[in-house]
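Novice: Residue numbers for the sequence shown, in the working numbering: 4 to 84.
Ideal placement from N, C-alpha and C gives every residue a C-beta, glycine not left out.
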Amino acid sequence: MSPRVGERLKRLKEWRDRRGGEMGVDPAIVCTNAQAKELALSNPHDPEDIRAWESRPGLGIKNWQREQFGAEICGILKSLR
Numbered sequence: 004m005s006p007r008v009g010e011r012l013k014r015l016k017e018w019r020d021r022r023g024g025e026m027g028v029d030p031a032i033v034c035t036n037a038q039a040k041e042l043a044l045s046n047p048h049d050p051e052d053i054r055a056w057e058s059r060p061g062l063g064i065k066n067w068q069r070e071q072f073g074a075e076i077c078g079i080l081k082s083l084r
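(1) Identify whether K40 lies in helix, strand or coil by the three-state DSSP scheme.
(2) Going by alpha carbons, who is nearest to V33 out of K81, S82, M4, F72?
(3) Please give the ranges of any alpha helix (DSSP H) in the region 4 to 28, keeping only runs that are unbroken, at least 4 residues long and fully inside the region.
(4) State whether the region 12 to 26 contacts the region 45 to 54, with contact taken as three or more CB pairs (one from each stretch) at a distance under 8 Å.
(5) What's the C-alpha gap between R69 and E25?
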């Protein structure tokens, strides 16, 4: 994993942990480790980019996750470009 991908993954996990705490849910409900890794690797530019892998077993971001968190996720990734 490149340092840039590693930094994106770190920031996504920090965000996920914070959002899970704010919502009072397990952070894995917000975004699993596998999903965070895939997001860090694919570096989507907007929530519609995430839609392409909603159906991927084990990695797919659910529609509700994309709708609720997609803009935040893409904002985090954009700040690291």
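Specialist: From the atom records:
(1) For the purposes of this step, residue 40 is taken as residue 37 along the sequence shown, with counting starting at 1. In this structure, K40 counts as helix in the three-state DSSP scheme.
(2) Taking the first residue of the sequence shown as 1, we reach residue 33 at position 30. It is F72.
(3) You should have 6 to 26.
(4) Taking 8 Å as the limit for Cβ pairs, the verdict is that the region 45 to 54 does not touch the region 12 to 26.
(5) Here residue 69 is taken as the residue at index 66 of the sequence shown, counted from 1. Here residue 25 is taken as the residue at index 22 of the sequence shown, counted from 1. Answer to the nearest angstrom: the Cα atoms are 18 Å apart.
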